[in-house]
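Undergrad: Those protein sequence lines, which keep their order, are chains L and P.
Counting with numbering that gives the first Met the number 0, you get residues 0 to 196 for the letters of the first sequence.
Counting with numbering that gives the first Met the number 0, you get residues 0 to 444 for the letters of the second sequence.
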Amino acid sequence: MKKTERKTKATPVRNAGKTAGHAETGSSSTSAENDAGEYLSVSEIKELIELVSEKQFNEFELERGGFRLYLQRGGRKSAAESSRQALYVPPPAGETGPVEIVTTPPAAAQPAPAPQEEKLHVVASPIVGTFYRAASPTAESFVKLGDQVEAGKTLCIIEAMKLMNEIPSDASGTIAKIFVENGQPVEYGQPLFGIKV
Amino acid sequence: MFKKILIANRGEIACRIIWACRELGIKTVAVHSEADRDALHVRFADEAVCIGPAPSAQSYLNIPQIISAAEITNVDAIHPGYGFLSENPHFAEVSRECNIAFIGPSPEVIRMMGDKSEAKRTMKAAGVPVTPGSEGLIEDEETAIKEAARIGYPVLIKATAGGGGRGMRVARNREELVTAYNTARSEAEVAFKNSGVYLEKYIANPRHIEIQVLGDNYGRVVHLGERECSVQRRHQKLIEESPSPAVSYELRQEMGRIAVEACKRIGYNNAGTIEFLLDEDGSFYFMEMNTRIQVEHPVTEMVTVSDLVAAQIRIAAGEELNYTQEQLIFVGHAIECRINAEDPVTFTPSPGRITTLNLPSGAGVRVDTAIYDGYFVPPYYDSLIAKVIVHSRTRERAIARMRRALESMVVEGIKTTIPLHLKILNDPDFIAGNISTRFMDRFLK
Numbered sequence: 000m001k002k003t004e005r006k007t008k009a010t011p012v013r014n015a016g017k018t019a020g021h022a023e024t025g026s027s028s029t030s031a032e033n034d035a036g037e038y039l040s041v042s043e044i045k046e047l048i049e050l051v052s053e054k055q056f057n058e059f060e061l062e063r064g065g066f067r068l069y070l071q072r073g074g075r076k077s078a079a080e081s082s083r084q085a086l087y088v089p090p091p092a093g094e095t096g097p098v099e100i101v102t103t104p105p106a107a108a109q110p111a112p113a114p115q116e117e118k119l120h121v122v123a124s125p126i127v128g129t130f131y132r133a134a135s136p137t138a139e140s141f142v143k144l145g146d147q148v149e150a151g152k153t154l155c156i157i158e159a160m161k162l163m164n165e166i167p168s169d170a171s172g173t174i175a176k177i178f179v180e181n182g183q184p185v186e187y188g189q190p191l192f193g194i195k196v
Numbered sequence: 000m001f002k003k004i005l006i007a008n009r010g011e012i013a014c015r016i017i018w019a020c021r022e023l024g025i026k027t028v029a030v031h032s033e034a035d036r037d038a039l040h041v042r043f044a045d046e047a048v049c050i051g052p053a054p055s056a057q058s059y060l061n062i063p064q065i066i067s068a069a070e071i072t073n074v075d076a077i078h079p080g081y082g083f084l085s086e087n088p089h090f091a092e093v094s095r096e097c098n099i100a101f102i103g104p105s106p107e108v109i110r111m112m113g114d115k116s117e118a119k120r121t122m123k124a125a126g127v128p129v130t131p132g133s134e135g136l137i138e139d140e141e142t143a144i145k146e147a148a149r150i151g152y153p154v155l156i157k158a159t160a161g162g163g164g165r166g167m168r169v170a171r172n173r174e175e176l177v178t179a180y181n182t183a184r185s186e187a188e189v190a191f192k193n194s195g196v197y198l199e200k201y202i203a204n205p206r207h208i209e210i211q212v213l214g215d216n217y218g219r220v221v222h223l224g225e226r227e228c229s230v231q232r233r234h235q236k237l238i239e240e241s242p243s244p245a246v247s248y249e250l251r252q253e254m255g256r257i258a259v260e261a262c263k264r265i266g267y268n269n270a271g272t273i274e275f276l277l278d279e280d281g282s283f284y285f286m287e288m289n290t291r292i293q294v295e296h297p298v299t300e301m302v303t304v305s306d307l308v309a310a311q312i313r314i315a316a317g318e319e320l321n322y323t324q325e326q327l328i329f330v331g332h333a334i335e336c337r338i339n340a341e342d343p344v345t346f347t348p349s350p351g352r353i354t355t356l357n358l359p360s361g362a363g364v365r366v367d368t369a370i371y372d373g374y375f376v377p378p379y380y381d382s383l384i385a386k387v388i389v390h391s392r393t394r395e396r397a398i399a400r401m402r403r404a405l406e407s408m409v410v411e412g413i414k415t416t417i418p419l420h421l422k423i424l425n426d427p428d429f430i431a432g433n434i435s436t437r438f439m440d441r442f443l444k
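1. For the region 137-167 of chain L, list every residue whose C-beta sits within 8 Å of some C-beta in chain P, in sequence order.
2. Would a C-beta distance cut-off of 8 Å place tyrosine 267/P and proline 104/P closer than the cut-off?
3. Find the nearest neighbour of glutamate 197/L within the set Ser171/L, Gly128/L, Glu46/L, Glu60/L, judged by alpha-carbon distance.
4. Answer yes or no: does any C-beta atom of chain L fall closer than 8 Å to that of serine 67/P?
5. Measuring only between beta-carbons, confirm whether glycine 188/L sits less than 8 Å from chain P.
6. Return the chain-ordered ranges of every beta strand (DSSP E) run that is complete within the region 3-73 of chain P and spans a minimum of 3 residues.
7. Are the beta-carbon atoms of threonine 368/P and glutamate 411/P separated by less than 8 Å?
8. Using a Cβ cut-off of 8 Å, pull out every chain L residue sitting near isoleucine 50/P, in sequence order please.
9. Where alanine 316/P and leucine 5/P are concerned, what is the direct C-alpha to C-alpha distance, given to the nearest angstrom?
10. Can you list, in chain order, the stretches of the beta strand (DSSP E) that have 3 or more residues and sit fully within the region 177-258 of chain P?
11. Secondary structure at glycine 151/L, three-state DSSP: helix, strand or coil?
12. Go ahead and label leucine 191/L buried or exposed: buried means 16 or more other beta carbons lie within 10 angstroms of its beta carbon, across all protein chains shown.
13. Specify the secondary structure class of methionine 0/P as computed by DSSP and reduced to three states.
14. I believe asparagine 357/P touches valine 409/P by the beta-carbon criterion, under 8 Å. Please report the beta-carbon distance rounded to the nearest angstrom.
15. Write down the C-beta distance between histidine 120/L and glycine 172/L rounded to the nearest angstrom, noting that I regard them as a contact closer than 8 Å.
16. Under 8 Å Cβ-Cβ, which residues of chain L neighbour glutamate 33/P?
17. With C-beta atoms as the reference, is isoleucine 210/P less than 8 Å away from methionine 254/P?
18. Does leucine 419/P come out as helix, strand or coil in the three-state DSSP assignment?
19. Between the region 359-379 of chain P and the region 7-27 of chain P, do at least 3 Cβ pairs fall closer than 8 Å?
20. Which chain L residues sit within Cβ distance under 7 Å of proline 63/P?
21. Taking 8 Å as the cut-off, does the region 49-64 of chain P touch the region 386-402 of chain P (at least 3 CB pairs, one atom from each stretch)?
22. Between the Cα of proline 200/L and the Cα atoms of Cys336/P, Cys49/P, Glu146/P, Glu260/P, which residue gives the shortest distance?
23. Roughly how many angstroms lie between the CA atoms of alanine 78/L and glutamine 147/L, to the nearest whole one?
24. Between isoleucine 71/P and chain L, is any beta-carbon pair separated by less than 8 Å?
25. Which residues does DSSP pair with lysine 45/L in a beta bridge?
26. If you run the structure through DSSP and keep just helix, strand and coil, what is isoleucine 166/L?
27. Have a look at the DSSP bridge pairing and note the partners of valine 129/P.
28. Quick check: what's the CA-CA separation for lysine 200/P versus glutamate 175/P?
29. Since leucine 443/P is in the beta strand (DSSP E), which residue starts that stretch and which ends it?
30. Pull the bridge partners of serine 140/L from the DSSP assignment, please.
31. Between which two residues does the beta strand (DSSP E) holding glutamine 190/L run?
32. Following the continuous beta strand (DSSP E) through alanine 270/P, name the residue where it begins and the one where it ends.
33. Do lysine 3/P and isoleucine 17/P come within 8 Å of each other at the CB atom, strictly closer than that value?
34. At a cut of 8 Å, does the region 216-228 of chain P reach the region 376-386 of chain P through at least three beta carbon pairs?
35. In the DSSP assignment, find the unbroken beta strand (DSSP E) run with serine 391/P in it and report its ends.
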């Protein structure tokens, strides 16, 4: 059979079964959250808007981890963007025309983690496969929350096509967040660990 | 029947495959690059897996990532679409080794047809007429002269390391041949670091006629008629149609019979297309075989009332072809225009956000596309954004229908080649069916 023996068949990586018009049930909190643990606070978003207005940009797009921020001058809503929420922000004094903000929550159906107070360095998966915390079912996890790690330290294994790939940390610091569960299928770019640098 | 299929592709063909799966009750898995997170195929698939960054080499051409995605989503089969890995025998092999059905022919057949000169030899042995030419490379002037006389002027001197139209010279007689031969060799040395050349009969105004075939896993093969794809620019097809205005009933029978025979001999299964060059005197010669579903498959679907992608899936799942060649009917005339995100005059690519979109509809109009209002056409992939297909009873009516369809198609925010297509559809030669692969050269002058 094509499946490996020890895999616990977890939920699919992402449920992308949206139909047009279906609104994403993301949070509409004041900070743009995402499961990358990287976000912009309200004050940071306000700063960005002011910068964009001040510098007379017509369009501004920022993408980081699973988070994307798109600002467009002119306030025209684009139709059929089912996973977006538009926030109307009145222009700063002296500016003509509203600046529309469209924030895109990541398409992943995974629940957003609790808001972080600090920016974490996110180690993302470089390959598609199955995530394992340890080298074997009986071995100890490579790392746990709170561990100090150096860049290059093996954090986990991702199994792809029967090969065990050791994933090294690309930063030094403390393991502050583990975004995935043992045995969970992961995709390219999926956040695995949050490291407090 | 398969329960779940992974589509190893993107854009309109990925959507096409998803629609076929939906109709068959099969679940779908989309794979995508980071640049395609908002792509239509990702939105409509049941599951989606990001397999890499934007560049194709690291995503849509990345075999380990795609196979891994297939494993973690537990699919039964992979449909490779067209382009990308669809004719990669190694990909088909890996898939097979991982017990995932590859929706296409066997890796052995893919490999055989992938080597162009090997394919020619195989087809020749299977009774398919091939372009008369030299057996191997021409090592000296004397041989060149002898071979050219045997083949018959005019001849084409082709660099073996060339391709896509490069490294070719025409010679109409003995004198021209001697010069052309020597020049071609030195040019090839400089351009390809390989001075090897061979000779082929030169066909001045060929028409590109291809035959669609379908074979099940039990040896049954049928053909679904021809498509004419002569309107091309730099070997990229712009407009395709079925039937061809130059192919009579008898010629269709003959070409179809030869195509089916050849497929049976090489053990071909699933969907495929055999491409021929049709000379003005009615003779036709094998060019190459494509062992996959093709971009222009919809024109065949319209005139045969069939679903080729569904047929591919059924065949791969082990179903038998449940009709004979005699039961196949051809109805009316179909034309397809490939709309690209390019400047219609300079052909400069035009990626960007589509701000207003109105797709044509109405009687006899079909649009295969992955664009939507507000969609950002990424700059990393080919520029095809939509295929507009029309069907009507006659060619004349189909042309009128296509004109009206394209006139009502609105795409703002990016440039498209719609104006170019409208010009072609109003060209007297095109309307009269006087086309060949040289048509666009004349048209663009």
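Glycine included, every Cβ here is placed at the ideal spot set by N, Cα and C.
Quick caveat, the model's predicted, so the values are computed rather than measured.
TA: So, to answer that:
1. Ala159, Met160
2. Taking the first residue of the second sequence as position 1, residue 267/P is located at position 268. Taking the first residue of the second sequence as position 1, residue 104/P is located at position 105. Yes.
3. Outside the shown range of chain L (0 to 196) lies residue 197/L, about which nothing can therefore be said.
4. By one-based count along the second sequence, residue 67/P stands at place 68. With 8 Å as the cut-off, serine 67/P counts as an interface residue toward chain L.
5. On the first sequence, position 189 is the one that residue 188/L refers to. Yes, glycine 188/L lies at the interface with chain P (some Cβ there is under 8 Å from its Cβ).
6. 3-6, 26-32, 46-51, all fully within the region 3-73 of chain P.
7. Along the second sequence, one-based indexing puts residue 368/P at 369. Along the second sequence, one-based indexing puts residue 411/P at 412. Contact: no.
8. Position 51 of the second sequence, counted from the first residue, corresponds to residue 50/P. Within 8 Å Cβ-Cβ: Val127, Glu186, Tyr187.
9. Reading the second sequence from its first residue, position 317 is the one you call residue 316/P. Reading the second sequence from its first residue, position 6 is the one you call residue 5/P. Distance between the alpha carbons of alanine 316/P and leucine 5/P is about 14 Å.
10. 196-200, 206-214, 220-232, 235-241
11. Looking up residue 151/L in the first sequence gives position 152. Glycine 151/L: coil per DSSP, three-state reduction.
12. As a first step, residue 191/L is located in the first sequence; it is residue number 192 there, counting from the start. Result: buried.
13. Against the second sequence, residue 0/P aligns to sequence position 1. Coil.
14. Residue mapping note: residue 357/P aligns to position 358 of the second sequence, counting from 1. Residue mapping note: residue 409/P aligns to position 410 of the second sequence, counting from 1. With a Cβ gap of about 4 Å, asparagine 357/P and valine 409/P count as contacting.
15. For the purposes of this step, residue 120/L is taken as the residue at position 121 of the first sequence. For the purposes of this step, residue 172/L is taken as the residue at position 173 of the first sequence. Yes, they are in contact, since the Cβ atoms of histidine 120/L and glycine 172/L sit about 7 Å apart, within 8 Å.
16. As a first step, residue 33/P must be located in the second sequence, where it is residue number 34. Correct list: Tyr187, Gly188.
17. Taking the second sequence and counting its residues from 1, one reaches residue 210/P at position 211. Taking the second sequence and counting its residues from 1, one reaches residue 254/P at position 255. It is a contact, given that the beta carbons lie within the stated cut-off.
18. Taking the first residue of the second sequence as 1, we reach residue 419/P at position 420. Residue state, collapsed to three classes: helix.
19. yes
20. Within the second sequence, the letter at position 64 stands for residue 63/P. Within 7 Å Cβ-Cβ: Ala159, Met160.
21. At 8 Å Cβ cutoff, the stretches do not touch.
22. In the structure as shown, chain L begins at 0 and stops at 196. Residue 200/L is therefore absent and cannot be evaluated.
23. Indexing the first sequence from 1 puts residue 78/L at position 79. Indexing the first sequence from 1 puts residue 147/L at position 148. Confidence in alanine 78/L is poor, its pLDDT being 36 and thus under 50, which makes the residue's placement unreliable; the coordinate value appears in the next sentence. Each residue's alpha carbon lies about 47 Å from the other.
24. Locating residue 71/P in the second sequence gives position 72, where the first residue counts as 1. By this cut-off, isoleucine 71/P is an interface position.
25. Start at 1 with the first residue of the first sequence, and residue 45/L comes out as number 46. None, per the DSSP bridge assignment.
26. Position 167 of the first sequence, counted from the first residue, corresponds to residue 166/L. If DSSP states are grouped into helix, strand and coil, isoleucine 166/L belongs with the strands.
27. Taking the second sequence and counting its residues from 1, the one referred to as residue 129/P is at position 130. Looking at the DSSP assignment, valine 129/P forms a beta bridge with Phe285/P.
28. Position 201 of the second sequence, counting from 1, holds the residue named residue 200/P. Position 176 of the second sequence, counting from 1, holds the residue named residue 175/P. Going by the C-alpha atoms only, they are around 15 Å apart.
29. One-based indexing of the second sequence puts residue 443/P at position 444. Counting along the chain, leucine 443/P falls outside any beta strand (DSSP E), though it belongs to the alpha helix (DSSP H) covering 438-443.
30. Taking the first residue of the first sequence as position 1, residue 140/L is located at position 141. Note: serine 140/L sits in a beta bridge opposite Ala133/L.
31. For the purposes of this step, residue 190/L is taken as the residue at position 191 of the first sequence. Residue identity differs from the one stated: residue 190/L is proline in this sequence, not glutamine. Under the DSSP assignment, proline 190/L falls in the beta strand (DSSP E) whose first and last residues are 190-195.
32. Residue mapping note: residue 270/P aligns to position 271 of the second sequence, counting from 1. It spans 269-277 - the beta strand (DSSP E) in which alanine 270/P sits, taken as one unbroken run.
33. As a position in the second sequence, residue 17/P is number 18, starting the count at 1. As a position in the second sequence, residue 3/P is number 4, starting the count at 1. No.
34. Contact between the region 216-228 of chain P and the region 376-386 of chain P is absent, because fewer than three Cβ pairs lie under 8 Å.
35. One-based indexing of the second sequence puts residue 391/P at position 392. It spans 383-391 - the beta strand (DSSP E) in which serine 391/P sits, taken as one unbroken run.
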